[in-house]
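Only one structure is covered here, and it is reproduced in the block below.
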Amino acid sequence: MALNENIEIIKKHNLEIGYGVEKAIEYGEDSRCHLENAKDGSLTLYTIKNGIKQYLHSKYNPKREAESIVENLIGIDKQTVLFLYGVGLGYHIEAIINKFPENDIYIYEPINGLMYLFLSRYTFSARQLSKIKGIAVGADESALNNLFNGYFSGPKEKTLLIELPTHKKIYDDEYTQFSKQFTLFLSKIQHNTFTNISYQKLWIVNCLKNLDMIIDTPNIINQKKDYFSNKPVLVISAGPSLNDEIEHIKKIKEFGMAYIFSVGSAINTLIHHGIHPDAACTYDPTDPHKSNQLVFDVIKKNNILDIPLIFGTTSGYKTIEDYPGQKYHMMTSQDSVSEHFLKLNNNSINQPVSDATTIAAVTLQLVYKLGFDPIILVGQNLAFRNNERHSKGISYSKKISNKELEEGILVKDVYGNDVMTDMSFNKMREDLEVFIEGYADRTVMNTTKFGANIKGTIFKELEETTNIYLHSNTVEKDAFKSSPTDYDISYTISQFEMMDIAYEDAEALIVEYDDIIENIRKKIKYKSLSDIEKKYTKLDKSLMKLEQNDFFRIFILPMNRVQYKLLVDQIIILNLEKDPFEKGSMIVNRFSKFIEICKADIKTIHLIYEEVKETILKKHKSKE
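The numbering of the sequence shown is UniProt numbering, which starts it at 1 and goes up by one.
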């Protein structure tokens with residue numbers, strides 16, 4: 001039976017595919033779906049909708065219909081990934097696989113009964129299945145999300161969505177849901193790629209520039225882990241609803257009822273109202289001449305000394321170096337530099353916070369590690385309120401534009417009503433929800449009036465929360481006070497010495513890499529293809545040597561993570577190219593572009609590295 005054969009083939013050849021397939025098999029045949037013989041003798045398929053017989057395939061010649069669908073597909077090359085929506089009886093799928101045998105394919109069918117019919121009547125060959133990279137079934141979000149996650153993890157130079165035309169008309173509700181999710185996922189990928197491209201170099205430059213300050217300040221998580229066990233904390237963000245809570249926060253501060261952590265721009269609103277939080281938190285890696293400097297501008301201009309700064313090690317170095325108050329650091333997951341150069345004298349392990357789309361999510365991790373309970377979110381709107389995105393007192397905040405409103409997303413607010421948000425805020429909310437899901441042992445309150453509902457939190461307005469959970473004289477004076485973390489400086493110096501050698505090796509490896517590229521270029525130019533495959537192998541090995549070189553591994557590859565991933569993904573595609581001249585030209589082009597970017601970064605980062613190394617070595621010698 002085709003069904004059993006398909007199940008065995010799916011299990012044998014690719015364990016990653018088949019999201020929801022088992023449910024479809026359990027579901028069995030759909031009483032709405034009916035088979036009948038077409039005029040040409042093959043099977044066709046129809047369903048009854050609103051009392052009308054509607055065909056998913058031609059009732060005359062389904063195979064010819066499938067061929068006409070394929071004939072109308074244009075702009076497909078070997079690198080195009082095909083995303084198929086709707087299976088029917090699989091006529092168009094077979095035609096697509098036959099015409100485009102080298103292209104990767106993803107299949108989604110929202111109707112369980114249709115997938116059951118498809119798997120029962122169409123048998124995959126091992127060759128066909130090798131090109132099908134994912135199959136998902138069912139209208140629930142989880143199966144489709146799993147398929148999307150698999151789809152977006154691989155190389156995607158170009159994607160074509162191919163819909164079974166009659167399917168999306170008959171099952172229009174399911175198609176509308178799919179279309180929204182597909183668009184949302186594309187937007188997320190674009191957002192994540194933009195974030196990585198924007199920050200990848202700053203993360204490393206900041207980590208290196210901050211290394212001296214990290215050595216000279218306490219690691220707040222290592223030195224105060226669980227110190228604040230069962231103490232309440234307000235995590236205050238700069239959403240418009242913060243304006244509603246100022247008087248309550250003043251009372252909480254005056255009577256020491258809870259610790260107050262401000263995140264990002266909220267510090268300006270609090271200072272504007274005469275409230276100095278127990279700590280201000282930042283991890284923003286942005287350019288020192290841009291937004292993050294504005295966030296702490298008031299503190300710096302007024303030389304405010306009584307607000308400690310807790311900074312992520314990837315934070316903008318200018319924000320940190322001239323901050324007037326006490327400073328504490330927290331390791332971040334994007335910091336490959338500190339991990340390489342720093343070791344604690346007691347051999348304990350630094351506990352980083354994971355990178356996230358919002359400082360609120362980073363601070364949430366921080367207060368969890370410090371032991372706070374309950375964790376009370378304030379001003380965490382993550383949605384628009386009266387066309388405002390921020391609370392008052394933030395001079396650089398802008399009103400929501402008409403375009404942003406038009407492109408907005410509707411989500412549920414804390415009262416169960418629809419509220420408008422955007423892609424960025426929505427991603428922040430999802431990030432918070434992921435972390436909160438792992439904090440089942442803590443109470444996380446959301447007190448944000450008219451804010452987006454945050455799954456996993458308990459909504460209570462701040463006044464009620466204060467009456468239930470908070471008591472006077474809870475806050476301990478000088479609770480954060482501690483000495484700089486005891487890092488092993490002799491280990492750091494040893495790592496500097498090893499890195500100096502790695503830098504020299506990297507320079508030599510680049511010369512070797514360039515020589516191989518030039519050799520391949522000449523062979524292509526003069527159409528001399530003898531032993532060219534050996535040159536490709538040499539180039540792969542040369543890249544592997546760079547990947548294993550510490551100067552590249554710690555500095556250069558993280559500075560170019562997007563370009564590096566793209567190159568690695570493209571290697572898979574390049575190996576499929578059959579035309580030797582086209583393949584050679586593509587290899588020269590892609591590998592050359594990558595190494596030229598790396599060369600520029602080596603010059604930049606080596607100057608910074610030497611400067612930081614000299615500063616730390618001088619300090620160490622003066623203490624001997």
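Every residue, glycine too, gets a C-beta built ideally from N, C-alpha and C.
> Just to confirm, are Q351 and K369 a CB contact at a threshold of 8 angstroms?
Replying inline: yes
>> Suppose only complete runs of 4+ residues qualify. What are the alpha helix (DSSP H) ranges in the region 548-604, listed by chain order?
In response: 561-574
>> Quick check on this structure: which residue in S58, P580, G41, L161 has the alpha carbon closest to the alpha carbon of G75?
In response: Nearest option by C-alpha distance: L161.
> Which word fits R429, buried or exposed, when buried means at least 16 other C-beta atoms lie within 10 angstroms of its C-beta?
Replying inline: buried
> Straight-line CA distance for P62 to D40?
Replying inline: 8 angstroms
> Which one of S490, H471, A452 has the shortest CA to CA distance from L344?
Replying inline: S490
> In chain order, what residues of the same chain have a beta carbon less than 6 angstroms from the beta carbon of P101, not counting five sequence neighbours either side?
Replying inline: Excluding sequence neighbours, P101 sits near nothing in its chain.
> Got a sec? Which residues, its chain only, sit under 8 angstroms from Q181 by beta carbon, not counting five neighbours each side?
Replying inline: E141, L144, N145, F148
> Count the other CB atoms within 10 Å of the CB of K449; is the residue buried (16 or more) or exposed (fewer)?
Replying inline: buried
>> Assuming A280 is part of the beta strand (DSSP E), what are its boundary residues?
In response: 279-282
> First and last residue of the alpha helix (DSSP H) that includes K522?
Replying inline: Segment 489-525, the alpha helix (DSSP H) holding K522.
>> What does the alpha-carbon distance come out to for the pair K541 and I204?
In response: Going from the Cα of K541 to the Cα of I204 covers about 26 angstroms.
> Whose C-beta lies closer than 7 angstroms to the C-beta of H248 among residues of the same chain, with five residues either side of it excluded?
Replying inline: L462, E463, T466
> Skipping 5 residues on each side, what residues in its chain have a beta carbon closer than 8 angstroms to that of Y55?
Replying inline: Answer for Y55: T44, L45, Y46, T166, listed in chain order.
> Contact between the region 227-239 and the region 258-278: three or more CB pairs below 8 angstroms?
Replying inline: yes
> Out of curiosity, what's the CA-to-CA distance linking T604 and D514?
Replying inline: 20 angstroms
> Tell me, which residues are paired with A452 by DSSP?
Replying inline: D413
> Looking only at its own chain, which residues have a Cβ that is under 8 angstroms from the Cβ of T195, when we skip the five neighbours before and after it?
Replying inline: Any reading at T195 needs caution, since the residue's pLDDT is 47, under 50, leaving its predicted position unreliable; the model's value is listed next. For T195, the CB contacts under 8 angstroms within the same chain, skipping 5 residues up- and downstream, are T357 in chain order.
> What does DSSP give as the partner residues of G312 in its beta bridges?
Replying inline: M330
> For G393, is the classification buried or exposed, using 16 other Cβ atoms within 10 angstroms of its Cβ as the cut-off for buried?
Replying inline: Annotation note: pLDDT 48 at G393 (below 50); position unreliable, no value reported.
>> Using the Cβ count rule (16 or more neighbours within 10 Å means buried), how would you classify E614?
In response: exposed
> Taking the continuous beta strand (DSSP E) assigned at T421, which residues delimit it?
Replying inline: 418-421 is the span of the beta strand (DSSP E), which, as asked, contains T421.
> Does DSSP put L34 in a helix, a strand or coil?
Replying inline: Here the sequence assigns His to residue 34, which means Leu is not the residue at that position. Correct three-state label for H34: strand.
> What are the residues that DSSP puts in a beta bridge with E163?
Replying inline: Y85
>> Quick test of your reading: L84 and I107, contact by CB under 8 angstroms. State the CB separation rounded to the nearest angstrom.
In response: 5 angstroms
> So which of I510, K578, K538 has the shortest CA-CA distance to E596?
Replying inline: I510
> In terms of residues, what are the limits of the alpha helix (DSSP H) holding L270?
Replying inline: 266-272
> Ordered along the chain, which non-local residues of its own chain (more than five positions away) have a Cβ less than 6 angstroms from that of H620?
Replying inline: Within the same chain, I489 come within 6 angstroms of H620 by CB-CB distance, once the 5 residues on both sides are set aside.
>> Just to check my reading of the structure: F552 and L546 have Cβ atoms closer than 8 angstroms, yes? What is that Cβ distance to the nearest angstrom?
In response: 5 angstroms
>> Once the 5 residues before and after Y175 are set aside, which same chain residues still bring their CB inside 7 angstroms of it?
In response: Listed in chain order, the non-local C-beta contacts of Y175 below 7 angstroms within the same chain comprise K168, local neighbours out to five positions each way being set aside.
> Does the region 319-333 come close enough to the region 206-219 to have 3 or more Cβ pairs within less than 8 angstroms?
Replying inline: As far as the Cβ criterion goes, the region 319-333 touches the region 206-219, which means the pair count is three or higher.
> At what residues does the beta strand (DSSP E) containing N98 begin and finish?
Replying inline: From DSSP, N98 is part of no beta strand (DSSP E) but of the alpha helix (DSSP H) over 91-99.
> For residue 640, does the count of other Cβ atoms within 10 angstroms reach 16, so buried, or fall short, so exposed?
Replying inline: Missing from the structure shown is residue 640; the chain here goes from 1 to 624 and no further.
> Under a three-way DSSP split, which group does K49 fall into?
Replying inline: Looking at K49 - three-state DSSP - the assignment turns out to be strand.
> Helix or strand or just coil, what does DSSP make of V475?
Replying inline: coil
> So what's S262 in DSSP terms, helix, strand or just coil?
Replying inline: In this structure, S262 counts as strand in the three-state DSSP scheme.
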